[in-house]
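The sequence shown begins at 26 in my numbering and counts up one residue at a time.
C-beta atoms are modelled at their ideal positions from N, C-alpha and C, and glycine is treated no differently.
Just so it is clear, the structure is predicted and the values come from calculations on it, not from any experiment.
The structure appears right after this line, and notes come after that.
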Amino acid sequence: MPNFKKHSPIFLALLFHITGLIGILFTPYKDWFIYSVPIVLLIMFLLLSITQLKFFKAYIGFFFIAFTIGMATEIIGVNTGLLFGNYQYGQVLGPKLYGVPLLIGFNWFNIVFCSGSLLTQCIDILRRKWNVNITARTFTIAVVLGGAAIATGFDIILEPVAVKLNFWSWENGHIPLFNYICWFMISAILLGLKMYLKKISVNTFASSLFIIQALFFLLLNYFL
Numbered sequence: 026m027p028n029f030k031k032h033s034p035i036f037l038a039l040l041f042h043i044t045g046l047i048g049i050l051f052t053p054y055k056d057w058f059i060y061s062v063p064i065v066l067l068i069m070f071l072l073l074s075i076t077q078l079k080f081f082k083a084y085i086g087f088f089f090i091a092f093t094i095g096m097a098t099e100i101i102g103v104n105t106g107l108l109f110g111n112y113q114y115g116q117v118l119g120p121k122l123y124g125v126p127l128l129i130g131f132n133w134f135n136i137v138f139c140s141g142s143l144l145t146q147c148i149d150i151l152r153r154k155w156n157v158n159i160t161a162r163t164f165t166i167a168v169v170l171g172g173a174a175i176a177t178g179f180d181i182i183l184e185p186v187a188v189k190l191n192f193w194s195w196e197n198g199h200i201p202l203f204n205y206i207c208w209f210m211i212s213a214i215l216l217g218l219k220m221y222l223k224k225i226s227v228n229t230f231a232s233s234l235f236i237i238q239a240l241f242f243l244l245l246n247y248f249l
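So this is what it looks like as structure tokens:
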């Protein structure tokens with residue numbers, strides 16, 4: 026089990042994303058691979074959960090917080106345009122609640138949790154290997170604001186691909202700056218709540234998953 030938790034999740038994440046990349050770009054089964062995205066995202070959530078070695082209750086608690094806030098803000102956005110801008114979801118991402126696929130709640134958790142884990146791990150490296158003295162207050166601010174910036178950067182990579190694959194569409198085909206402002210603010214709120222829980226240990230697989238998914242969408246963005 027220890028070896029599985031250390032190595033197999035990264036291998037499986039790479040396998041699913043490389044297979045999906047090849048399937049979408051180079052096979053006649055592009056639509057099948059696109060419609061498999063919900064399954065892959067749920068599998069990544071399961072891998073994140075399996076690799077969460079400590080404080081699992083706090084982890085699950087943050088998942089429900091991120092899922093609920095993510096879904097609520099998206100429902101407001103889709104139905105009013107007051108958040109993110111004017112957009113609608115397609116049919117690729119599965120069952121919807123008030124116009125928003127339930128999978129989007131998982132996606133909010135995935136991106137924010139992985140962004141926070143990545144930045145936390147980087148700060149820990151600075152502390153241990155470079156003997157950088159970082160106060161608890163500075164650490165919290167860095168994770169909240171830096172993690173929100175990373176999550177927003179991921180959305181910048183994701184948006185053009187999502188539109189091309191019909192995950193969602195924007196009014197007049199234009200992705201507004203307001204979307205990214207909302208992404209940053211909501212991500213910062215979620216990361217602030219995550220830091221408030223305190224008991225969620227660093228998940229090293231989450232950092233690897235973030236990098237794998239970012240590369241996946243960067244390559245799709247370039248080749249599609």
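- Query: Quick one: what's L249 bridged to in DSSP?
  - Reply: Looking at the DSSP assignment, L249 forms no beta bridge with any residue, so it has no partner.
- request: Take every Cβ of the region 166-183, pair it with every Cβ of the region 54-67, and state whether three or more of those distances are shorter than 8 Å.
  value: no
_Taking the alpha carbon of I136 as the reference point, which residue from K55, F36, A213 and G115 has its own alpha carbon closest?_
A213
Just reading off the beta strand (DSSP E) that W193 is part of, what are its end residues?
W193 to W195
Work out the CA separation of I237 and G95 for me, nearest whole Å. 22 Å
- What's the gap between the Cα of L215 and the Cα of N197? Approximately 30 Å, taken between the alpha carbons.
- Give the DSSP-derived three-state secondary structure of Q77 in the structure shown. coil
Original post:
Which residue or residues does DSSP assign as beta-bridge partners of Y114?
Top reply: W193
Which residues DSSP lists as bridging L151, in chain order: According to DSSP, which records beta bridges pairwise, L151 is partnered with nothing at all.
Check this for me: beta carbons of V117 and V103, under 8 Å apart or not? Their beta carbons are not under 8 Å apart, which means V117 does not touch V103 by this criterion.
L122 - DSSP class collapsed to helix/strand/coil:
L122: strand per DSSP, three-state reduction.
Q) Curious, which full-length alpha helix (DSSP H) runs of at least 4 residues does the region 216-245 contain? A) Entirely contained in the region 216-245, not one alpha helix (DSSP H) run reaches 4 residues.
Span of the alpha helix (DSSP H), counted from its first residue to its last, around Y60: Note, Y60: alpha helix (DSSP H), K55 to Y60.
Pairing CB atoms from the region 128-146 with CB atoms from the region 199-206, are three or more of them under 8 Å?
-> no
Whose C-beta lies closer than 7 Å to the C-beta of G115 among residues of the same chain, with five residues either side of it excluded?
N191, F192, W193 and S194
Limits of the alpha helix (DSSP H) - the one that A161 falls within
First-last of the alpha helix (DSSP H) with A161: A161 to I166.
- Task: Would you decide whether S140 is buried or exposed? Buried here means 16 or more other CB atoms lie within 10 Å of its CB.
- Result: buried
- Query: Do you know how far the Cα of T165 is from the Cα of K82?
  - Reply: Spanning the two alpha carbons is a distance of roughly 21 Å.
- From the DSSP output, in three-state form, read off W130 for me. Per the sequence shown, residue 130 should be read as Gly rather than Trp. Reduced to three states, the DSSP call for G130 is helix.
Quiz item: In three-state DSSP terms, what is T145?
Solution: In the three-state DSSP reduction, T145 falls in the helix class (H, G or I).
- So what's P34 in DSSP terms, helix, strand or just coil? helix
field: Same chain only: Cβ atoms within 7 Å of L128, ignoring 5 sequence neighbours per side
entry: Answer for L128: P63, L66, L118 and G119, listed in chain order.
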